[in-house]
Structures are given as structure tokens and as C-alpha cells.
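Following UniProt numbering, the numbering of the sequence shown begins with 1 at its first residue and continues without gaps. Virtual Cβ for every residue (Gly too), placed ideally from N, Cα, C. See below for the structure under consideration.
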Amino acid sequence: MAETGETPGGETEATIFTLISKDDVQGVTEILRTGSVNVDIVDEHGMTPLQHAAYRGNETMCRMLLDRGADVNGGNHNNNYTALHFAALSGKSALCQVLLQAGAKSHAVNSVGRTPAQMAAFVGNHGCVSTINNFVDRKDVEYFTSVRGLETDPKLQSFLVSPVHNLIMQINFHPVRVALYVKKNNILLEHIPEVIQVLKLISEREMKKGADANEITAFKIHLLSFILTKMQEESVGAKGHDPVENFIKKMLRCKTPGGIPEQLDILLREGVRAFPFRETTIMQQLVTNLAHTKLCEDPGAWGIISSVVNGHKGFRDNDPCATCGDEKGSKKCSRCHFDAYCDKDCQLLHWFVHKKYCKAKAEEWAKRGTDTSIENPEPIVL
Ligand SMILES: [Zn+2]
Ligand SMILES: [Zn+2]
């Protein structure tokens, strides 16, 4: 210690926390390099350097500390906050992702019984809620590529790991978005029975993790397998038709302009009922909410499910996409300004529904005339 010129232990410990409070990554790296302070040292509140860095939302600092062996679930905070709780409060979704990839426990509860996602929802950090609730470790998918017990073949072929994992991690799991993903990743379609089966198994395995189980993740993966099953059923007797296109059309067909498509609502309600873990909080929440909402009544089964998985949103900045339910949908039909879409692809898919009322809505729009609240109108492509 004398040769590095460091002050005695206690002060070095104080220094590391001071440097973190100044976001001085270089300084903290130097201190750790000398070996004079443990990377998981705690301050008087039981907080580790990683927790301090997460509290500040400093992703670079957190990555460096993790590289140096910081325990992602370490610390002994007065109120049982973990680094992920702090990251969730900081509002940095990318940082939450880094901690989750490093093995942060998403179900850990603080002294008032709240998980990191619940804390994020509490302060309105919806991006963090989505990131945490949609995170699944790639290892949980890879698990099914090994031959187990009396099996001769693994349940999942290794080339399916990435497309399956990416499907699970998608924040928007609206049936149309899932169909579009499958269309782009044709390999999933070619192996659909295998994929459906493995999704079911991943969901069940998640629930068997006991205290570590994330029931929101398990439910979402169950719903994905259910959506794919329904999509697969479309291919039966679909001579000369693209079964995925058929499925998308079915999910979009709607009687009233801007209404909730009936088949979509029915499919999602069935999907909820088919979740085998009825005692879970998420199931109780969904069943209660759906029971109080009539078929196709606002906000619809999709509105209810997505807000339970991705957090409640007080006010929407944008109307969701009329095709795939994406919240980013901000471009309105330039003729009638009635429906919003992510992009031209979504607009095109919805045209067979939209064309029935576009003209009438455009006339209504023209009468209002002076409303300039909508920007970025996209030129209509058809
Ligand atoms: Zn869309
Ligand atoms: Zn229109």
C-alpha cells in the first residue's frame, strides 16, 4: 500500500464511493487495480460500488465493476434494494439489461415487498418494466438443446436457439407482431411443432424455479406458444393461401372503425384461460380484469395483457399501431388521420379493413379542418 501511495483502508473505501458519485470510471478502475479495496465492499448503508453506480444509472461504471467480478446480487442494503432495483429506479433500460445478463434476480423484493419491475412501474419508468419483464436468459433456451434422460434427440435443435430466444425477448408480443416475426424467420415456421413444444417447456420450467420463478415471463412464453399453435391451425386446409397472411387477416378483421377485432380478442382470452398456473398473481389479475371487460370492449384483451406484462401507462404519447398494437405507432393515415401505424408495412396489412372507412373518416377530418394536433402524416401508399 505504501508503494502505491494509497491512504489506509477506510479512506480508500470512502474514496471509491466518492469517485462513483462523480462518475469517475478511470479513478475507480485505478483503485480496483491496486487491489487495496474489495470490489464488493459495502458502505454504512450496506451498499456496494455496483449498487451506487446503478443508482446513478452509470452503465459504463456498472459494466467495468461487473468485469472486475462485482456480485450482481451482492450488497446488504438497509431496505434490501438490489443493484437491479436501483437501475430500475434510474430509468435506464439498457443498464437493466446489462445487470440481467449478468444474472441479476428479477424477482428479488425490497423491504416493502416490491420487485425491481414493480419499483420501476411505481415511478413511471415503463421502459425498465418492459426490459425486466421480457428478459429471459439465453441459457434457458439452450437448456433444451442437450439430450436428457432417455431421449435420443434434443428437444430443440441448436440453430433454433437464436430465433426462439429473440422471439421471447420481443417486447411487443401482439399476435400480429408475432406473425410478422415468424414470417421474417421462416426457420421457425418450418419447425413450428418443435418451437411450440419448447416454448411450453420453457414456461413450465420457469414456474418450477420456486422462489426464483418469474410468473410474468412464464405467462408471456405460454401465450407465445398459444399464438403459434393458432397460427399453425391456419395452415390446415389453407390450400394456395399463405397461412401466416391468413392468420394476420383474421386478427385484423373488424366490424367497427377503430374497434377491437373480435377474433383477436377471442384468441387472447382463450390464451389466458389456457395458462396452466391458475394460482399465480398474474392469472388472478388477468382473469379479474377480463371478467370486467366485455368482448371487444375497450381496452380489449390485448390492452389488458400488455399493460400487465409491460406496465401500466398513464397517458399514451401516441395511439398504438392499428395493425400490431405497437405503442411507437405515430404515423397516421394521411388521408383520414384516423388510424396510426408503425410504418408502411403495417399500414398495407391493415388496408383491407381501413379502406372501408377511410373516405368517410377523411370527410369528418376535413370538416374539423383546423386541428393541427397530428404531425408527420405519412403519404398513403395505395
Ligand atoms: Zn405496427
Ligand atoms: Zn385513412
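Answer yes or no: do Q347 and C333 have a C-beta to C-beta separation smaller than 8 Å? C333 sits close to Q347, with the two beta carbons spaced by under 8 Å.
Measuring straight from C-alpha to C-alpha, what distance separates L228 and D71? Rounded to the nearest angstrom, the two C-alpha atoms are 38 Å apart.
For E375, does the count of other Cβ atoms within 10 angstroms reach 16, so buried, or fall short, so exposed? Note that E375 has pLDDT 46, beneath the 50 cutoff, so the model's placement of it is unreliable and the number below is only indicative. When all chains shown are included, E375 counts as exposed.
Nearest CA to the CA of V25: which residue from A53, T12, S36 and G46? The shortest CA-to-CA distance from V25 to any of A53, T12, S36 and G46 is the one to A53.
Straight-line gap, L349 to A87 (C-alpha atoms, nearest Å): 38 Å
Going along the chain, which residues of its own chain have a beta-carbon closer than 6 Å to the beta-carbon of I260, five neighbours each way excluded? C296 and G300
Going by C-alpha distance, which of N80, D339 and R368 is nearest N110? N80
Does the distance from the CB of H126 to the CB of N310 come in under 8 Å? Yes, they are a contact pair.
Does the Cβ of G5 have 16 or more other Cβ atoms within 10 Å, making it buried, or fewer, making it exposed? Low local confidence applies: a pLDDT of 40 at G5 is under 50, so the model's placement there is unreliable, and no value is given.
What does the Cβ neighbour count give for G75, buried or exposed, with the cut at 16 atoms within 10 Å? buried
Backbone CA spacing between V236 and N246 [nearest angstrom]: One C-alpha to the other measures close to 11 Å.
Examine ligand 2 and report whether any of its heavy atoms sits within less than 7 Å of the Cβ of K361. yes
Out of M64, K155, K92 and R148, which has the shortest C-alpha to C-alpha gap to I132? K92
Comparing the CB of C96 with every heavy atom of ligand 2, is any distance shorter than 7 Å? no
Assuming E206 contacts N214 (C-beta within less than 8 Å), just tell me the rounded distance between them. Going by Cβ atoms, the distance from E206 to N214 rounds to 6 Å, so yes, they are a contact pair.
So, is the C-beta of L160 closer than 8 Å to a C-beta in chain B? Among the protein chains of the structure shown there is no chain B, as only one such chain exists.
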